[in-house]
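Below: one structure, written as structure tokens.
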Amino acid sequence: MESYIDIVKLKLKEEGYKLTPQRRSIVDIMIKNEGKHLNSEEIYDLVKVECPEIGLATVYRTLQLLDDIGAVSKLNLDDGCCRYEINLNDETHNHHHLICKKCNKIIEVEEDLLETLEEQIEKNYGFKIFDHDVKFFGMCNSCK
Ligand SMILES: [Zn+2]
Ligand SMILES: [Zn+2]
Ligand SMILES: [Zn+2]
570 MESYIDIVKL KLKEEGYKLT PQRRSIVDIM IKNEGKHLNS EEIYDLVKVE CPEIGLATVY
630 RTLQLLDDIG AVSKLNLDDG CCRYEINLND ETHNHHHLIC KKCNKIIEVE EDLLETLEEQ
690 IEKNYGFKIF DHDVKFFGMC NSCK
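Counted the way the numbering used here counts, the sequence shown spans residues 570 to 713.
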């Protein structure tokens, strides 16, 4: 199986970009922190440890580029910042996020559970669904 880093390299190449050492360290941080939904500043702080010369603007640009090529997904969880997570598979739909309004914890729901709804929409609206971005706001088990 191809590793995520090879997929990123290939996707960048297709668009005429290279996996530079700086881009590589950003991708490495994303892999190491999978499931954490880091925001741009948090990614910057972590990358800086390994790449002290990197600037925040480069991190912003790289994350945007990785989002454009579909290597990462940008998340807007309504908390005033852009969060990112690696996107391992273009074929699958985005998982859902549960956001605790009390402690701001983000919980992932791996099951899609929307198959019936998607089927209905595709049928009733003649619309082909590629993906969705579902957030649920509420209170987590420990805050409840
Ligand atoms: Zn779905
Ligand atoms: Zn909570
Ligand atoms: Zn997630």
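Glycine included, every Cβ here is placed at the ideal spot set by N, Cα and C.
Residue range of the beta strand (DSSP E) that includes residue i
| i | result |
| --- | --- |
| residue 641 | 641-645 |
| residue 674 | Here residue 674 belongs to no beta strand (DSSP E), and DSSP marks it neither H nor E. |
DSSP bridge partner residues for residue i (one or two, in chain order)
| i | result |
| --- | --- |
| residue 699 | DSSP output for residue 699 lists no bridge partner at all. |
| residue 653 | 607 and 643 |
| residue 665 | 678 |
Terminal residues of the alpha helix (DSSP H) in which residue i lies
| i | result |
| --- | --- |
| residue 595 | 590-601 |
| residue 704 | Here residue 704 belongs to no alpha helix (DSSP H); instead the beta strand (DSSP E) covers 704-707. |
| residue 582 | 573-583 |
| residue 690 | 684-694 |
| residue 648 | No alpha helix (DSSP H) holds residue 648; DSSP gives it neither H nor E. |
| residue 773 | Outside the modelled stretch of the chain, which goes from 570 to 713, sits residue 773, for which no answer is possible. |
Contact belief for residue i with residue j at Cβ below 8 angstroms, rounded distance in angstroms
| i | j | result |
| --- | --- | --- |
| residue 705 | residue 667 | 5 angstroms |
| residue 664 | residue 678 | 6 angstroms |
| residue 595 | residue 631 | 5 angstroms |
| residue 614 | residue 662 | That belief does not hold up - the Cβ atoms of residue 614 and residue 662 are roughly 31 angstroms apart, past 8 angstroms. |
| residue 573 | residue 644 | Wrong, their Cβ atoms sit about 18 angstroms apart, outside the cutoff. |
Exercise. Could you please go through the chain and list the residues whose beta-carbon is closer than 5 angstroms to any non-hydrogen atom of ligand 2?
Key: Listed along the chain, these residues meet the criterion: 669, 671, 672, 674, 709 and 712.
Quiz prompt | Validate contact between the stretch 605-612 and the stretch 648-668 using beta carbons, cut 8 angstroms, 3 pairs | solution = Yes, since at least three Cβ pairs between the stretch 605-612 and the stretch 648-668 fall closer than 8 angstroms, the two stretches touch.
Exercise. Measuring from each Cβ to the nearest heavy atom of ligand 1, keep the ones under 6 angstroms and list them in chain order.
Key: So the residues near ligand 1 by this Cβ test are 662, 681, 683, 687 and 701.
Self-check item: Any residue whose CB is nearer than 6 angstroms to a heavy atom belonging to ligand 3, listed in chain order
Solution: Near ligand 3, residues with a Cβ at less than 6 angstroms from any of the ligand's heavy atoms are 606, 654, 664, 666 and 677; the list follows chain order.
Quiz item: Is there contact between the stretch 630-639 and the stretch 573-584, where contact requires at least three CB pairs shorter than 8 angstroms?
Solution: Touching, yes, given that three or more Cβ pairs across the two stretches are closer than 8 angstroms.
Quiz item: Can at least three beta-carbon pairs, one atom from the stretch 677-689 and one from the stretch 615-632, be found at a separation below 8 angstroms?
Solution: Taking 8 angstroms as the limit for Cβ pairs, the verdict is that the stretch 615-632 does not touch the stretch 677-689.
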